[in-house]
Amino acid sequence: MSDWNTKVIEEFRANSGRVGGPFAGAPMVLVHHRGRKSGREMVSPMMYLPNETDGNVIYVFASKGGAPENPGWYYNLTSAGEGTIERGTETYAVAVRELTGEERDRIFDEQASRYPGFADYARKTAGIRTIPVLELTRTS
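No gaps in the numbering here: position 137 of the sequence shown is 136 in numbering that gives the first Met the number 0, and each next residue is one more.
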């Protein structure tokens, strides 16, 4: 997975935030987070959903491709409450807030309607876990 992520990160940075392959045309972001156990700085590429009315807010989804467990970056971000993102050609700090209830469901459903793979991930995790949705808000 790390080789695959490395290629996506390199392509993202070489093309002002755009990548091809399965992510062609999708909004992508690179999320920087510090390992809560290792203390290492990590970067995870992921799709995001922009907030409809506030350009300083985006949403990311801890789907892990429908795996039964949450991705490590989810725990790193929620425990720190902050991170840094590369979005397009900008890099900036963000505050992290986990969405719950109706708010979480509304945002996740919107992502799943735009990108049906997310609906597949939800089906794979049904009865095991609810895919977390994180709101990332620019702080700098």
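Note that beta-carbon positions come from the ideal geometry of N, C-alpha and C, so glycine has one too.
Cβ-Cβ separation, residue j to residue i (assumed contact under 8 angstroms), whole Å
i	j	result
G24	E10	Not quite, the Cβ-Cβ distance comes to about 14 angstroms (not below 8 angstroms), so this is no contact.
L135	E85	Not quite, the Cβ-Cβ distance comes to about 12 angstroms (not below 8 angstroms), so this is no contact.
Beta-carbon spacing of residue i, residue j below 8 angstroms
i	j	result
V95	T77	yes
R137	Y91	yes
R17	N69	no
P67	T124	yes
E101	V93	no
R103	V132	yes
C-alpha distance - residue i paired with residue j, whole-angstrom precision
i	j	result
F117	V59	11 angstroms
M0	A111	Unreliable placement is indicated for M0, whose pLDDT of 48 sits below 50; the coordinate value is still reported in the next sentence. Approximately 23 angstroms between the Cα atoms of the pair.
G34	R12	22 angstroms
T88	S15	5 angstroms
K36	G71	10 angstroms
P49	P21	19 angstroms
Y47	P26	6 angstroms
Span of the alpha helix (DSSP H), counted from its first residue to its last, around residue i
i	result
F144	With the chain represented from 0 up to 139, any question about residue 144 goes unanswered, as that position is not in the structure.
F11	1-13
Where the beta strand (DSSP E) through residue i begins and ends
i	result
T90	89-97
G82	81-86
R137	132-137
F60	56-60
Cβ neighbours of residue i in the same chain (closer than 7 angstroms, five flanking residues each side left out)
i	result
I130	F60, A61, S62, F107, Y120, A121, T124
E40	H31, R33
Contacts around residue i, its chain only, beta-carbon distance under 8 angstroms, and the 5 residues preceding and following it disregarded
i	result
T5	none
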